[in-house]
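See below for the structure under consideration.
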Amino acid sequence: MVAANSLKYNARLSVAPMMDWTDRHCRYLHRLMSRNTLLYTEMVTSPALVRGGALHLLKYHPSEHPVALQLGGSDPVELAEASGIGAEAGYDEVNLNVGCPSDRVQSGTFGAVLMKQPDLVAQCCARMIEASPVEVTVKCRIGVDDQDPETILPDFLERVSAVGVTRFSVHARKAWLQGLSPKENRDIPPLDYDLVYRMKERFPHLHLSINGGIQTLQEAQDHLARGLDGVMIGRAAYHNPLDVLGDADRLIYKDDHSISGDVVVHRMLPYIQSHLDEGGKLAQVTRHMLGLFAGKPGARMWRRVLSEGAHRPEAGTALVLEALSHVTDNQQAAGE
Ligand SMILES: Cc1cc2nc3c(=O)[nH]c(=O)nc-3n(C[C@H](O)[C@H](O)[C@H](O)COP(=O)(O)O)c2cc1C
Numbered sequence: 007m008v009a010a011n012s013l014k015y016n017a018r019l020s021v022a023p024m025m026d027w028t029d030r031h032c033r034y035l036h037r038l039m040s041r042n043t044l045l046y047t048e049m050v051t052s053p054a055l056v057r058g059g060a061l062h063l064l065k066y067h068p069s070e071h072p073v074a075l076q077l078g079g080s081d082p083v084e085l086a087e088a089s090g091i092g093a094e095a096g097y098d099e100v101n102l103n104v105g106c107p108s109d110r111v112q113s114g115t116f117g118a119v120l121m122k123q124p125d126l127v128a129q130c131c132a133r134m135i136e137a138s139p140v141e142v143t144v145k146c147r148i149g150v151d152d153q154d155p156e157t158i159l160p161d162f163l164e165r166v167s168a169v170g171v172t173r174f175s176v177h178a179r180k181a182w183l184q185g186l187s188p189k190e191n192r193d194i195p196p197l198d199y200d201l202v203y204r205m206k207e208r209f210p211h212l213h214l215s216i217n218g219g220i221q222t223l224q225e226a227q228d229h230l231a232r233g234l235d236g237v238m239i240g241r242a243a244y245h246n247p248l249d250v251l252g253d254a255d256r257l258i259y260k261d262d263h264s265i266s267g268d269v270v271v272h273r274m275l276p277y278i279q280s281h282l283d284e285g286g287k288l289a290q291v292t293r294h295m296l297g298l299f300a301g302k303p304g305a306r307m308w309r310r311v312l313s314e315g316a317h318r319p320e321a322g323t324a325l326v327l328e329a330l331s332h333v334t335d336n337q338q339a340a341g342e
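With the working numbering applied, the sequence shown corresponds to residues 7 to 342, in that order.
Rendered as C-alpha cells:
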C-alpha cells in the first residue's frame, strides 16, 4: 500500500511532459481540476539549464505541486548539475527523458536514442541521484528501431533500477528513429501494453506507469485495477482536460473533490489577470483552455471566441467571460 502523502501515490495518475504544451499556465489549469495528479513540465535540456539559458522555464506557481521537472540530456555531470538546479528550484521530482524521438533531440544524444545505451542512462541517473535530494525517475519507450522490446526493456529496467531509480513511466510503443516524424512516432508504432504488464510481474518492486494512447479516466482506472502502479496521460488530458482530470481526485485518489468547467474558468480569471499585469498575453494562457468544454454544448463558440480574440493586444478577462457566456447559454438552452 502506497502512502497517500507520497509522490508514488500522486503518480497513480500523471499528465505527461509535452513540449510547448505543459508549460506553467497549462499546469496551473490542470492543477485546478485535480489536486492530486502528478504534473510534468515540458522537457528542459540540461545544457540549456546549466548554461543559464533556460532558467525562465523553471518558473512555476506554488499551487502546481506536486510537479516534476523533466530533463533531457546524456552527460552525467551536466545532468547532475541540472538536477540540483531543479531540486533547488523546488521541484518534487526530476525525470529523465528517454523517450523523445525528435531530430533536434537525437542530434544531442537525448531522448529515445538512449534506449540503446542503458549503461549511460544508469550512469546519468546515478549522478542525478547523488546531486538531487528529490526523487529521480525515468520516462522511456519499450525500445527503438530494430531492438527487441521483449529483451531490451527488462535489461534497461534492470540496469537503471540497479543505481536506485524505482519509478518509471513507459510509453508502450517503440520509437522509430529514422523515417517517422515525432508526431508519427506517437501514433504509428503499435502499442504493446501487455509488455508493460509483464514488466510489472517481473519487477514487482518498481513503480511502473503505463503511457500511450490512454483516452479516458475509465481506461486509467482499468489499468490501475489490473495492477499497474500508475497511468500517464498526455494528449487526451491536454485536449479534454475536464473529462480526464475533473473527476480524477474522486475516482483515482478517493479525495472528495470535483469541479465544473464554469468554476475552472472563474478560478482562472485572477491568474490570467496577474499574468496580464506582468505584461503577459492572454493567448499564452487561454490556448491551453480551448479544450475545456470539448464535447459539450457551446464548445465550438468557446474555442472560436478565444482563438479569434485572444491575440488582440487589448484582449483580457472580459473575452474569457464572453466566450464562457456561449457555453452557459447553450447549456441552459439544452436544459442542463
Ligand atoms: C506536443 C507533444 C509534446 C511532447 N513532448 C514531450 C516531452 O517534452 N518529453 C517527453 O518525454 N515526451 C513528450 N511527448 C510525449 C508524451 O509525453 C507522451 O509520451 C505521448 O504523447 C504518448 O502519450 P499519450 O498517447 O497519452 O499522448 C510529447 C507529446 C506531445 C503530443
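The beta-carbon is built from N, C-alpha and C at its ideal position, and this holds for glycine as well.
So, for residue i: in the same chain, excluding its five sequence neighbours on each side, which residues have a beta-carbon less than 6 Å away from its beta-carbon?
| i | result |
| --- | --- |
| Pro-82 | Gln-129, Cys-130, Arg-133 |
| Ala-329 | Trp-308, Val-311, Leu-312 |
| Leu-325 | Gly-315 |
Going by other Cβ atoms of all chains shown within 10 Å of its Cβ, with 16 needed for buried, is residue i buried or exposed?
| i | result |
| --- | --- |
| Arg-173 | buried |
| Ala-137 | buried |
| Gly-341 | In this prediction, Gly-341 scores a pLDDT of 38, lower than 50, which makes its location untrustworthy; the coordinate-derived value is nonetheless stated afterwards. Counting Cβ neighbours within 10 Å, Gly-341 comes out exposed, since fewer than 16 surround it. |
| Arg-147 | buried |
| Thr-43 | buried |
| His-229 | buried |
| Pro-23 | buried |
| Gln-76 | buried |
| Val-333 | buried |
| Ala-9 | exposed |
| Arg-30 | buried |
| Asp-262 | exposed |
| Ile-194 | exposed |
Would DSSP call residue i helix, strand or coil?
| i | result |
| --- | --- |
| Gln-123 | coil |
| Glu-141 | strand |
| Asp-232 | Position check: residue 232 holds Arg in this sequence, whereas Asp was assumed. Correct three-state label for Arg-232: coil. |
| Val-73 | strand |
| Thr-323 | helix |
| Leu-183 | coil |
| Gly-341 | Interpretation of Gly-341 is limited by its pLDDT of 38, a score under 50 that renders its predicted location unreliable; no figure is taken from the coordinates. |
| Tyr-46 | strand |
| Asn-11 | coil |
| Cys-146 | strand |
| Gly-90 | helix |
| Val-21 | strand |
| Phe-174 | strand |
| His-36 | helix |
| Arg-278 | The sequence given here places Ile at residue 278; Arg does not occur at that position. Helix at Ile-278. |
| Ser-264 | coil |
| Val-169 | coil |
| Gly-78 | strand |
| Met-295 | coil |
| Tyr-62 | The sequence shown places His at residue 62, not Tyr. In the structure shown, His-62 sits in a helix (DSSP, three-state: H, G or I). |
Just the Cα atoms here: how many angstroms apart are residue i and residue j?
| i | j | result |
| --- | --- | --- |
| Ala-181 | Thr-115 | 14 Å |
| Tyr-259 | Val-127 | 32 Å |
| Gly-267 | Gln-153 | 44 Å |
| Gly-233 | His-317 | 46 Å |
| Lys-250 | Arg-241 | It is worth fixing the name first, because residue 250 is Val in this sequence and not Lys. C-alpha separation (whole angstroms): 10 Å. |
| Glu-320 | Ser-313 | 14 Å |
| Asn-16 | Tyr-244 | 18 Å |
| Pro-188 | Cys-106 | 8 Å |
| Asp-283 | Leu-35 | 18 Å |
| Ala-95 | Ala-86 | 14 Å |
| Arg-57 | Tyr-46 | 22 Å |
| Ala-339 | Gln-290 | Summary for Ala-339: the model assigns pLDDT 42, below 50, so the residue's position carries little reliability, and this model does not support an answer. |
| Val-21 | Gly-297 | 15 Å |
| Asn-191 | Val-140 | 31 Å |
| Pro-196 | Leu-327 | 42 Å |
| Pro-155 | Asp-198 | 9 Å |
| Leu-186 | Ile-158 | 21 Å |
| Arg-37 | Ser-69 | 7 Å |
| Arg-18 | Ser-215 | 7 Å |
| Asn-103 | Gly-286 | 29 Å |
| Gly-149 | Ser-80 | 17 Å |
| Ala-118 | Gly-170 | 20 Å |
| Ala-88 | Ile-135 | 11 Å |
Assuming residue i contacts residue j under a Cβ cut-off of 8 Å, what Cβ separation, rounded to an integer in Å, is found between them?
| i | j | result |
| --- | --- | --- |
| Ala-231 | Leu-201 | Not really, about 19 Å apart at Cβ, beyond 8 Å. |
| Arg-33 | Tyr-66 | 7 Å |
| Ser-264 | Leu-212 | The Cβ separation is near 31 Å, so there is no contact. |
| Met-39 | Leu-248 | 6 Å |
Can you name, in chain order, every residue of its own chain whose Cβ lies under 7 Å from the Cβ of residue i, other than the five neighbours on each side?
| i | result |
| --- | --- |
| Arg-208 | Pro-160 |
| Thr-323 | Leu-275, Ile-278, Gln-279 |
| Asp-98 | Leu-13, His-71, Pro-72, Val-73, Ala-74, Val-140 |
Which residues in the same chain have their Cβ closer than 8 Å to the Cβ of residue i, if we skip the five residues on either side of it in sequence?
| i | result |
| --- | --- |
| Asp-253 | Leu-223, Ser-264 |
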